[in-house]
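4 protein chains.
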Amino acid sequence: MPRPLSETARQKAIDATFAILGDEGIDGFSIEAVTRRSGVAKTTIYRHWSSANELLVDALDCHIETVPAPDTGSLHGDLTAMTTSALEVMADPARRRMLLDLLSAAASDPELEQIKQALVSERTHPIVEIVERAVERGEIPPIEPERAVTFVHGPLMARTMLQGEPPTTDELPELIELIMRGLGAERPDT
Amino acid sequence: MPRPLSETARQKAIDATFAILGDEGIDGFSIEAVTRRSGVAKTTIYRHWSSANELLVDALDCHIETVPAPDTGSLHGDLTAMTTSALEVMADPARRRMLLDLLSAAASDPELEQIKQALVSERTHPIVEIVERAVERGEIPPIEPERAVTFVHGPLMARTMLQGEPPTTDELPELIELIMRGLGAERPDT
Amino acid sequence: MPRPLSETARQKAIDATFAILGDEGIDGFSIEAVTRRSGVAKTTIYRHWSSANELLVDALDCHIETVPAPDTGSLHGDLTAMTTSALEVMADPARRRMLLDLLSAAASDPELEQIKQALVSERTHPIVEIVERAVERGEIPPIEPERAVTFVHGPLMARTMLQGEPPTTDELPELIELIMRGLGAERPDT
Amino acid sequence: MPRPLSETARQKAIDATFAILGDEGIDGFSIEAVTRRSGVAKTTIYRHWSSANELLVDALDCHIETVPAPDTGSLHGDLTAMTTSALEVMADPARRRMLLDLLSAAASDPELEQIKQALVSERTHPIVEIVERAVERGEIPPIEPERAVTFVHGPLMARTMLQGEPPTTDELPELIELIMRGLGAERPDT
DNA sequence: TGTTAAGCGAGACGGTACGTCGCGTCTTAAT
DNA sequence: ATTAAGACGCGACGTACCGTCTCGCTTAACA
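Protein chains in written order, with this note's numbering: chain B, 6 to 195; chain A, 6 to 195; chain X, 6 to 195; chain P, 6 to 195.
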């Protein structure tokens, strides 16, 4: 008989959440901040989501962008394409901070941990694909795909987060060479 | 002329911080909680640390024993020792969370960025040493040390943070094998 | 559209304020003391009053008690009745202290000064009435009423505040005699 | 052997106290404010005065010149001289406030009560003298001196504290006339 | 098609923690 | 042994959000 939870309110709250994360980082995120920014009442937010984290999860969920696996014909080309696109994300400080905020928040919230997994796998799947194709082509010896992913993303992450800055574009070739050697490619061919 | 910041107060606050993390997790951590638990006044805490995060970082810092570079005679042995000890830290969710908090906070605070650098280099220096020795011994071709560090820590970080759990101890050998191959070691082990 | 500031919360805070003033004097008065005593949250108090003084003013305002002018037929009788009742207030150390606290606080807060005026005039009006009746009856020569008030309250105040103790009941007749003589009554007649 | 409590420090603190009262009013007065303004250390202030109130009282004391009993030859002249000088003190809001603070503090602190008594008697003694001389001269009938004091100070106090402002200089003659009549002077003046 | 229950904005409520200020006590070094 | 300097435990300050609640207004689905 009554009207259902309105989709407009939901969308406004989610948009505001995302806008806040981009502008102020996770520290600026609070139910009341969303209220202020979106014009959606606190009551309404609690009617849609039972906690701030759930709203966060939902907002991030809505913004997962699917990255297709490149297929250039060689592991080297595919890796180059893949890491280049990953670097674009990392090079943007706002996005970098959002990722870190998510990682740290997820460390103490199993619910966020799951949404993190979903976001991460969106990025890891293409790598799995790339590596599997390379194995089929005989470019590299068989390898457990998850381990390969670790090997591709790891150096990028370490570089970005520990050193504070992502690698520059001209450092990429050297990194890829090391990665390929680690994966067992015969010759990274120059 | 006045008395210096007292070491006892500092220690009591740090101990209380750790006790809280152990008993209630990071959610139970607050300046006032530390005050209640330690008997150290809030004002005093603020005299020692300008923010809750700094106290957290300091507590972390105090409880992470500086690991000297192992010297087992071979790159493989050194890496095993090094990564094993790194894993111990990563396996503790509280420390993992603190590291992530530090990384994300540092992303938007230059002051924290420096503290982070200090903590990170505490961990990277031993690796630089290990790698340099391996190069001297001719085990691996010459390599820019920072890049090598990236290659050792990266997979561990990716594993821990992206997948949510650090690698188990029996996965270590395989990871090390990949890392060594990436660094160009002739044959990881016979 | 939201619910209005609740009258219950307001009343509870005001009552607690008054209770504190009576029990501990103005030094015991603080927002947090009111919070503790009333069960009304600090935030709520700040929603109702923008400062501690405003609450104080409001609380005192609510407790102004109207004293009716006695009418015994003679100035001597009226004065006796009036000063006796005034003495009752002064004899209570808690009320005495409250009055002094109010006087001194009002000396640097125009807002409190006004509420003080209201409280004072509640006590002065009856005296004005008494004196005016005495003038009409020809008991005393015409006099500016405010000056007469000064003359009745003054000695009582000086006695109470400077000497530290209010006059005893058996000193009253002599004081009244002096007052009447000052006002110009032919003979205080015994 | 040790040096005694230094008079310079004492003076600097008292001067700073007065400067603060002048610049920021009594609300700006605090031990730490005096410390900041005078350069005299907190320790030193507590060595000289056991509380902020005592410092305040002392500062007041130092800046109130002891007024000797005037001797003009007539009660009327003496009273005029006496009340005029009392009015000067009362006209200064800072001193007025300080007097009230002292009175209210004394109401619940026996130690302060004594200090108050000392300050008060500094002002009452001259009046006692004046009145005794008037009795000797036969100007007024014998009277208990304390009661006379009450009668001189009372109207001034009531005027100043209840009405909020001290009487103006041109109101004084009328007040004195009333006081003299109350004391039983045959004819205040012809 | 008019009724009506639920959604909605607004925001008051009792709370917890924040980071700051001043208190009065204390410790230290320097004169 | 007094002083300037200031750290200490303490407690109140005023603010920000929390999650719950009450309020009228609005609106979509059912009768």
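Idealized CB from N, CA, C, for every residue including glycine.
In this text, all values refer to a predicted model and were calculated from it rather than measured experimentally.
*Using a threshold of 8 Å, state whether the C-beta atoms of LEU107 (chain A) and LEU117 (chain A) are closer than that.*
In contact: LEU107 (chain A) and LEU117 (chain A) (Cβ atoms closer than 8 Å).
*With a Cβ-Cβ cutoff of 8 Å, do ILE120 (chain B) and VAL39 (chain B) count as a contact?*
In this structure, VAL39 (chain B) does not lie closer than 8 Å to ILE120 (chain B) by Cβ.
*According to DSSP, is THR22 (chain X) helix, strand or coil?*
In the structure shown, THR22 (chain X) sits in a helix (DSSP, three-state: H, G or I).
*Determine the burial state of ARG142 (chain A): buried for a count of at least 16 other Cβ atoms within 10 Å of its Cβ, exposed for fewer.*
Exposed: under 16 other Cβ atoms inside 10 Å.
*Do you know how far the Cα of PRO171 (chain P) is from the Cα of LEU92 (chain P)?*
Going from the Cα of LEU92 (chain P) to the Cα of PRO171 (chain P) covers about 7 Å.
*Using the C-alpha atoms, what's the distance from ASP32 (chain A) back to ASP32 (chain B)?*
Near 15 Å, if we compare the C-alpha coordinates of ASP32 (chain A) and ASP32 (chain B).
*What first and last residue would you give for the alpha helix (DSSP H) that runs through ASP201 (chain B)?*
Examination of residue 201 (chain B) is not possible in this model, given that chain B is present from 6 through 195 alone.
*Span of the alpha helix (DSSP H) holding GLY44 (chain A)?*
Going by DSSP, GLY44 (chain A) is part of no alpha helix (DSSP H) at all; its letter is neither H nor E.
*Span of the alpha helix (DSSP H), counted from its first residue to its last, around ALA153 (chain A)*: Segment 150 to 162, the alpha helix (DSSP H) holding ALA153 (chain A).
*Answer yes or no: does any C-beta atom of chain B fall closer than 8 Å to that of THR88 (chain A)?*
Not one beta carbon of chain B lies nearer than 8 Å to the beta carbon of THR88 (chain A).
*Which bits of chain P does GLN166 (chain X) rub up against, with CB to CB less than 8 Å?*
The question names Gln, but residue 166 (chain X) in the sequence shown is Met. Within 8 Å Cβ-Cβ: LEU108, MET162.
_Residue from B:THR89, B:ALA96, B:MET103, B:SER11 with nearest C-alpha to ALA110 (chain A)_ = Nearest C-alpha to ALA110 (chain A) among B:THR89, B:ALA96, B:MET103, B:SER11: B:MET103.
*Integer Cβ distance of ALA64 (chain P) from ILE36 (chain P), believed to fall under 8 Å*: Contact between ALA64 (chain P) and ILE36 (chain P) does not hold, since the beta-carbon distance rounds to 13 Å and is not under 8 Å.
*Under the rule that 16 or more other beta-carbon atoms within 10 Å means buried, what is LEU10 (chain A), buried or exposed?*
Answer is exposed; the Cβ neighbour count stays below 16.
*Does the Cβ of PRO147 (chain A) have 16 or more other Cβ atoms within 10 Å, making it buried, or fewer, making it exposed?*
Counting the other CB atoms within 10 Å of its CB gives PRO147 (chain A) a total below 16, which places it among the exposed residues.
_Could you tell me the alpha carbon to alpha carbon distance between TRP54 (chain P) and ALA123 (chain P), rounded to whole angstroms?_
Going by the C-alpha atoms only, they are around 17 Å apart.
*Determine the chain P residues that contact GLU118 (chain X) at a beta-carbon separation under 8 Å, and present them in chain order.*
Going along chain P in sequence order, the residues near GLU118 (chain X) (Cβ under 8 Å) are GLY169.
*At least three beta-carbon pairs within less than 8 Å, the region 122 to 136 of chain B to the region 125 to 141 of chain A*: Under the three-pair Cβ rule at 8 Å, the region 122 to 136 of chain B does not count as touching the region 125 to 141 of chain A.
*By how many angstroms is the C-alpha of VAL45 (chain P) removed from the C-alpha of VAL136 (chain X)?*
Spanning the alpha carbons of VAL136 (chain X) and VAL45 (chain P) requires a straight line of approximately 56 Å.
*Which bits of chain A does ALA112 (chain B) rub up against, with CB to CB less than 7 Å?*
Within 7 Å Cβ-Cβ: PRO98, ARG101, ARG102, LEU105.
*When the Cα atoms are used, what is the spatial distance from VAL78 (chain B) to ALA86 (chain B)?*
The sequence shown places Gly at residue 78 (chain B), rather than the Val named in the question. C-alpha of GLY78 (chain B) to C-alpha of ALA86 (chain B): approximately 12 Å in a straight line.
*asked:* Just to confirm before moving on: does the CB-CB distance between ALA24 (chain P) and ARG41 (chain P) stay below 8 Å?
replied: No; because the gap between Cβ atoms is not below 8 Å, this pair is not in contact.
*So, helix, strand or coil for ASP76 (chain X), using DSSP?*
In the three-state DSSP reduction, ASP76 (chain X) falls in the coil class, being neither helix nor strand.
*Taking all protein chains shown into account, do 16 or more other C-beta atoms lie within 10 angstroms of the C-beta of PRO73 (chain B), making it buried, or fewer, making it exposed?*
It counts as exposed.
*Taking LEU183 (chain X) as part of the alpha helix (DSSP H), name the residues at either end of that continuous run.*
Run containing LEU183 (chain X): 177 to 188, per the alpha helix (DSSP H) assignment.
*Answer yes or no: do LEU80 (chain X) and THR22 (chain X) have a C-beta to C-beta separation smaller than 8 Å?*
Not closer than 8 Å, so no.
*Could you tell me the boundaries of the alpha helix (DSSP H) in which SER126 (chain B) lies?*
It spans 115 to 141 - the alpha helix (DSSP H) in which SER126 (chain B) sits, taken as one unbroken run.
*With 8 Å as the threshold, decide whether the Cβ of THR155 (chain B) is near any Cβ in chain A.*
Interface residue, yes.
*Measure the beta-carbon distance from ALA181 (chain B) to PHE156 (chain B) and round it to whole angstroms, keeping in mind my assumption that it falls under 8 Å.*
Checking the sequence, you will find Ile at residue 181 (chain B) rather than Ala. Contact flag wrong, Cβ pair sits at about 11 Å.
*Count the other C-beta atoms from every protein chain shown that fall within 10 angstroms of the C-beta of THR165 (chain P), then say buried if there are 16 or more, exposed otherwise.*
Buried, because 16 or more other Cβ atoms sit within 10 Å of the Cβ of THR165 (chain P).
*asked:* So, with DSSP's three-state summary, where would you put GLN16 (chain A)?
replied: Assignment of GLN16 (chain A) by DSSP, reduced to helix, strand and coil, places it in the helix class.
_Classification of ILE50 (chain B) by the beta-carbon crowding that lies within 10 angstroms, buried from 16 upward_ = ILE50 (chain B) comes out buried.
_Does LEU107 (chain B) come out as helix, strand or coil in the three-state DSSP assignment?_
Note: LEU107 (chain B) maps to helix in three-state DSSP.
*asked:* I want to see whether chain A comes within less than 8 Å of ARG8 (chain B), judged by CB atoms only; does it?
replied: Cβ-Cβ to chain A under 8 Å: no for ARG8 (chain B).
*What residues in the region 175 to 192 of chain X have a beta carbon less than 8 Å from any beta carbon of chain P?*
Cβ proximity to chain P below 8 Å picks out GLU179, LEU180, LEU183, ILE184, ARG186, GLY187, LEU188, GLY189 from the region 175 to 192 of chain X.
*For THR174 (chain B), which of helix, strand or coil comes out of DSSP?*
Here THR174 (chain B) carries a helix assignment [DSSP, helix/strand/coil].
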